[in-house]
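If you want it as structure tokens, here you go:
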């Protein structure tokens, strides 16, 4: 069976639903990292607070609290990377049981389709999970870099290298957090992609729900309001 034959197994609604899924995933990521002036996202606000954190770290003695924070963040990335790997293994296992999956779909009156249709639907979810895994692994490594940079900050605040190196640590920490957030978003959209098993309409609804959820948490959540109570730039 050629790729053209496989494509003919899907309706225009399926292609539209998948296009919406990918477009929503790319757009919300871009909007969060590039918020409109005067309307920062939670991600942008937290990036400023990390810079403030590193400035405060210079004069904090001892720095065990800061080291523990980075260790906790590395532990979180390792947990999500492991979880993503388990999910990837489960998705790969489904490739060998697409006939059983098709039988379940028939029992639930979802519809009948060749095994290759279910394999492609699983593949979309698998791609999002793989993206999440790679982002978490990279975030884990970057948090390790951040820990090394923090250790390289001189203990003497009067040292000319103290604040420049703290700034370097802050930027690497922000890069790690950005990668971690991208991994989380990929997990969200992987869950939305599972809805394609129920058809294109379910995928569209799941995509819109995921998009609304992420937008609200970044731009209209209570936590964002708390972060805006005292602008971070007034604390540096």
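In our numbering, the protein residues as written are 73 to 308.
Each residue gets a CB set at the ideal place from its N, CA and C atoms; glycine is no exception.
As the structure is a prediction and not an experimental result, all values here were calculated from the model.
What residue range does the alpha helix (DSSP H) around residue i cover?
{"i": "residue 293", "result": "Careful: residue 293 lies outside any alpha helix (DSSP H) and carries neither H nor E."}
{"i": "residue 84", "result": "84 to 105"}
{"i": "residue 201", "result": "187 to 224"}
{"i": "residue 125", "result": "114 to 131"}
{"i": "residue 162", "result": "136 to 167"}
{"i": "residue 255", "result": "234 to 266"}
Tell me the rounded alpha-carbon separation between residue i and residue j.
{"i": "residue 271", "j": "residue 86", "result": "8 Å"}
{"i": "residue 197", "j": "residue 285", "result": "19 Å"}
{"i": "residue 299", "j": "residue 120", "result": "10 Å"}
{"i": "residue 207", "j": "residue 192", "result": "23 Å"}
{"i": "residue 244", "j": "residue 293", "result": "26 Å"}
{"i": "residue 159", "j": "residue 249", "result": "22 Å"}
{"i": "residue 237", "j": "residue 152", "result": "29 Å"}
{"i": "residue 98", "j": "residue 267", "result": "19 Å"}
{"i": "residue 181", "j": "residue 269", "result": "Residue placement at residue 181 is poorly supported in this model, since its pLDDT is 45, which falls under 50; the coordinates still yield a value, given next. Near 12 Å, if we compare the C-alpha coordinates of residue 269 and residue 181."}
{"i": "residue 144", "j": "residue 138", "result": "10 Å"}
{"i": "residue 231", "j": "residue 247", "result": "26 Å"}
Just to confirm before moving on: does the CB-CB distance between residue i and residue j stay below 9 Å?
{"i": "residue 146", "j": "residue 212", "result": "yes"}
{"i": "residue 163", "j": "residue 117", "result": "no"}
{"i": "residue 242", "j": "residue 102", "result": "no"}
{"i": "residue 142", "j": "residue 234", "result": "no"}
{"i": "residue 149", "j": "residue 215", "result": "yes"}
{"i": "residue 165", "j": "residue 282", "result": "no"}
Does the pairing of the segment 265 to 282 with the segment 89 to 100 give three or more beta-carbon distances under 8 Å? Contact between the segment 265 to 282 and the segment 89 to 100 is present, because at least three Cβ pairs lie under 8 Å.
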